[in-house]
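Numbering (this note's numbering), first residue to last: 126 to 299.
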């Protein structure tokens with residue numbers, strides 16, 4: 126009633142949807158934020174989530190939520206594809222997503238891959254998502270291997286009773 130200047134009974138679905146879309150397509154409080162700072166400060170990869178699939182999905186969902194919460198749908202939204210500014214908008218989205226990736230090794234690897242091999246991922250979140258997921262899984266795999274290798278190394282060291290010796294024989298020892 127205060128926004129559409131009608132009683133609740135007089136408001137129809139078309140007017141309501143139009144007003145919601147209008148609100149979503151305008152900046153929050155008419156403020157133009159520093160996008161790089163906004164996403165650097167608010168978009169964080171939750172590295173406590175062990176499952177790579179869940180962690181990456183959560184990251185991309187958080188990105189969309191930040192866009193909606195700050196009224197940036199018109200500037201960074203994924204629709205309409207027929208808009209002449211669609212491709213630059215997607216490029217900006219992907220840049221923001223990539224620049225906030227964590228850990229740093231994942232961010233650097235994705236930046237390099239997008240620059241050299243997977244250029245289509247620079248302008249398509251749909252192409253970027255599986256690339257990030259694939260590389261995050263691979264990095265997680267090697268992280269687990271390092272942990273396992275480190276534990277097996279510690280077990281050999283402690284069971285041999287040789288202190289800081291790694292338990293690995295070299296030429297001439299033995």
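Every residue gets a Cβ at the ideal spot worked out from N, C-alpha and C, and that includes glycine.
These numbers come from a predicted model, not from an experiment.
How many angstroms separate the CA atom of residue i from the CA atom of residue j?
i           : j           : result
residue 200 : residue 209 : 12 Å
residue 132 : residue 185 : 39 Å
residue 135 : residue 234 : 56 Å
residue 174 : residue 273 : 19 Å
residue 141 : residue 238 : 44 Å
residue 139 : residue 211 : 26 Å
residue 205 : residue 198 : 11 Å
residue 170 : residue 193 : 18 Å
residue 253 : residue 240 : 12 Å
Might you give, ordered along the chain, the residues of its own chain that have their beta carbon closer than 8 Å to the beta carbon of residue i, omitting 5 neighbours on each side?
i           : result
residue 299 : Because the pLDDT at residue 299 is just 49, under 50, the model does not fix this residue reliably, and the point stays unresolved.
residue 250 : 185, 203, 215, 218, 219 and 222
Once the 5 residues before and after residue i are set aside, which same chain residues still bring their CB inside 7 Å of it?
i           : result
residue 264 : 230 and 231
residue 144 : 128 and 129
residue 183 : 171 and 174
So is the beta-carbon of residue i under 7 Å away from any non-hydrogen atom of the ligand GTP?
i           : result
residue 217 : Ligands in the displayed structure: none, and consequently the ligand GTP is not present.
So, residue i versus residue j, is the Cβ gap smaller than 8 Å?
i           : j           : result
residue 163 : residue 195 : yes
residue 189 : residue 258 : no
residue 187 : residue 160 : no
residue 256 : residue 246 : yes
Please list, in chain order, all residues of the same chain as residue i whose beta carbon is under 6 Å from its beta carbon, the five residues on each side excluded.
i           : result
residue 289 : Residue placement at residue 289 cannot be trusted, given a pLDDT of 48 that sits under 50; what the coordinates show is reported in the next sentence. There are no such residues.
residue 267 : none
My understanding is that residue i touches residue j, with C-beta atoms under 8 Å, so please give their C-beta distance in whole angstroms.
i           : j           : result
residue 261 : residue 191 : Not quite, the Cβ-Cβ distance comes to about 20 Å (not below 8 Å), so this is no contact.
residue 228 : residue 270 : That belief does not hold up - the Cβ atoms of residue 228 and residue 270 are roughly 16 Å apart, past 8 Å.
For chain D, check one thing: does any of its Cβ atoms lie closer than 8 Å to the Cβ of residue i?
i           : result
residue 169 : In the structure shown, chain D does not exist; there is a single protein chain.
Inside the region 217-268 only - alpha helix (DSSP H) runs reaching at least 4 residues: 229-241
Every unbroken alpha helix (DSSP H) inside the region 164-216 [4 residues or more]: 177-194 and 198-201
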